[in-house]
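One rule links them: number in this note's numbering = place in the sequence shown (from 1) + 1.
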Amino acid sequence: MTIEYVLVTGATGLPLNYQVADKENELIVPAMKGVRSIMEASKGTEVRRIVMTSSFGAVLDMGRAESTPYTYSSSDWNPITYSEAADPAATPQDAYRGSKVFAEQEAWNFVKNEKPQFDLVTLCPSMIFGPIAGTLNSPQDLGESNSMLWKVATGGPSNPLPPARFNFWIDVRDLAEIHVQALLNPKAGGKRYIPVSPEKFNYQLVSEIMVQDVPEIPNDSVSKGQQEIKHHVNMNTTEMERDFPLLKYATLKETVADFMNQVLPVRDS
2 MTIEYVLVTG ATGLPLNYQV ADKENELIVP AMKGVRSIME ASKGTEVRRI
52 VMTSSFGAVL DMGRAESTPY TYSSSDWNPI TYSEAADPAA TPQDAYRGSK
102 VFAEQEAWNF VKNEKPQFDL VTLCPSMIFG PIAGTLNSPQ DLGESNSMLW
152 KVATGGPSNP LPPARFNFWI DVRDLAEIHV QALLNPKAGG KRYIPVSPEK
202 FNYQLVSEIM VQDVPEIPND SVSKGQQEIK HHVNMNTTEM ERDFPLLKYA
252 TLKETVADFM NQVLPVRDS
């Protein structure tokens, strides 16, 4: 059997989890080694393209003031250094973002320096919401993005909404479709994309959807509050629109409702 495409779903194959004790050896080093090993194993084979799931964390500049107008594009890179990300005093979030930067750069440097027979596509999604594949046994098993939705659903009106540092997101099913298209679309080779929904989100909108559109959630269990949409911070979607013209994105309402209908039956697990 001829293998022409490889999908690299992440640094270690595991969902994002900030609960790590050793940031360098549990996040950064496995991310870089994992990508390098896949690249090396694919060189000299029948593989023609590798699609790698990176992260908006590899794009986002946390040093830029939130009040600064800015439009992100695929040419942006998070400026965090290795020493900053590996510092024991670094936040788990910064260590994770650093791991995504260094892993993705490892992939691009491999292609540049080794000149393999395959090309590379990287995808840098932000918050990924929506139903999980397979069986969900407990809300405790949720990844970091979906766990934010669960916190809104169960936090209660007296607890504040989770902060939304940026307002970009995508439905996991749309992201899966983009991965498939990126594998097969000749135009995508050698490019970096930031797939995001055209609809911005914040947790106030999530809360309102839960109250209005998911009647199984008791209203008194949902966190409520006011939260702005940062309309001055945007995403350049020109390349996505040009190279993936047939995409039809799920609405935030569809995504939240479908996710909650999956997780609610196991809430007492």
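Heads up, the beta-carbon is just placed ideally off N, CA and C, and yes, glycines get one too. All values derive from a computational prediction rather than experimental measurement.
Beta-carbon proximity of residue i to residue j, cut-off 8 Å
{"i": "residue 104", "j": "residue 121", "result": "no"}
{"i": "residue 240", "j": "residue 194", "result": "yes"}
{"i": "residue 28", "j": "residue 100", "result": "yes"}
{"i": "residue 182", "j": "residue 205", "result": "no"}
{"i": "residue 165", "j": "residue 203", "result": "yes"}
{"i": "residue 213", "j": "residue 132", "result": "no"}
{"i": "residue 158", "j": "residue 224", "result": "yes"}
{"i": "residue 72", "j": "residue 237", "result": "yes"}
{"i": "residue 170", "j": "residue 198", "result": "yes"}
{"i": "residue 162", "j": "residue 210", "result": "no"}
{"i": "residue 150", "j": "residue 217", "result": "no"}
{"i": "residue 189", "j": "residue 142", "result": "no"}
{"i": "residue 49", "j": "residue 119", "result": "yes"}
Own chain, CB closer than 8 Å to residue i, minus 5 neighbours either side, in chain order
{"i": "residue 34", "result": "none"}
{"i": "residue 89", "result": "24"}
{"i": "residue 136", "result": "none"}
{"i": "residue 13", "result": "In this prediction, residue 13 has a pLDDT of 39, which is less than 50 and means its spatial position is unreliable; what the coordinates show is noted afterwards. Within the same chain, residue 13 has close Cβ partners 31, 32, 35."}
{"i": "residue 87", "result": "24, 25, 29, 96, 99"}
{"i": "residue 83", "result": "29, 99, 103"}
DSSP bridge partner residues for residue i (one or two, in chain order)
{"i": "residue 184", "result": "None, per the DSSP bridge assignment."}
{"i": "residue 170", "result": "128"}
{"i": "residue 194", "result": "124"}
Any non-hydrogen atom of the ligand GDP closer than 7 Å to residue i Cβ
{"i": "residue 186", "result": "Ligands in the displayed structure: none, and consequently the ligand GDP is not present."}
Alpha carbon of residue i to alpha carbon of residue j, nearest angstrom
{"i": "residue 2", "j": "residue 178", "result": "Because the pLDDT of residue 2 is 41, which lies under 50, any placement of that residue in the model is unreliable, and the question is left without a value."}
{"i": "residue 168", "j": "residue 267", "result": "28 Å"}
{"i": "residue 250", "j": "residue 44", "result": "35 Å"}
{"i": "residue 69", "j": "residue 129", "result": "24 Å"}
{"i": "residue 232", "j": "residue 127", "result": "16 Å"}
{"i": "residue 31", "j": "residue 25", "result": "9 Å"}
{"i": "residue 64", "j": "residue 172", "result": "27 Å"}
{"i": "residue 42", "j": "residue 220", "result": "52 Å"}
{"i": "residue 222", "j": "residue 156", "result": "6 Å"}
{"i": "residue 234", "j": "residue 96", "result": "23 Å"}
{"i": "residue 148", "j": "residue 98", "result": "18 Å"}
{"i": "residue 256", "j": "residue 208", "result": "13 Å"}
{"i": "residue 174", "j": "residue 116", "result": "33 Å"}
{"i": "residue 247", "j": "residue 94", "result": "34 Å"}
{"i": "residue 81", "j": "residue 196", "result": "22 Å"}
{"i": "residue 15", "j": "residue 85", "result": "With a pLDDT of only 42 at residue 15, under 50, the local geometry of the prediction cannot be trusted, and the value read off the model is given with reservation. The alpha-carbon atoms of residue 15 and residue 85 are separated by roughly 23 Å."}
{"i": "residue 66", "j": "residue 123", "result": "27 Å"}
{"i": "residue 180", "j": "residue 92", "result": "30 Å"}
{"i": "residue 187", "j": "residue 114", "result": "22 Å"}
{"i": "residue 134", "j": "residue 76", "result": "31 Å"}
{"i": "residue 242", "j": "residue 176", "result": "14 Å"}
Neighbourhood of residue i by C-beta, 6 Å cutoff - its chain only, sequence neighbours within 5 removed
{"i": "residue 59", "result": "79, 101, 102, 105, 125"}
{"i": "residue 215", "result": "258, 261"}
{"i": "residue 37", "result": "107"}
{"i": "residue 201", "result": "168, 230"}
{"i": "residue 61", "result": "79"}
{"i": "residue 152", "result": "163"}
{"i": "residue 191", "result": "120"}
Sequence-distant residues of the same chain with beta carbon closer than 7 Å to residue i, five excluded per side
{"i": "residue 160", "result": "224"}
{"i": "residue 226", "result": "161, 162, 205"}
Residue-level contact to chain B via CB, residue i, 8 Å cutoff
{"i": "residue 182", "result": "Checking the listed chains, one finds no chain B in this structure; it contains a single protein chain."}
Whole beta strand (DSSP E) elements within the stretch 23 to 91, 3-residue minimum: The stretch 23 to 91 is shown to contain whole beta strand (DSSP E) runs of 3 or more residues at 50 to 54, 71 to 73, in chain order.
Residue ranges of each alpha helix (DSSP H) within the stretch 198 to 230, 4 or longer: The stretch 198 to 230 contains these whole alpha helix (DSSP H) runs: 204 to 214.
Where in the stretch 226 to 262 do unbroken runs of the beta strand (DSSP E), each at least 3 residues long, occur, reported from the N-terminal end onward? As for any beta strand (DSSP E) of minimum length 3 sitting wholly inside the stretch 226 to 262, the runs are 234 to 236, ordered along the chain.
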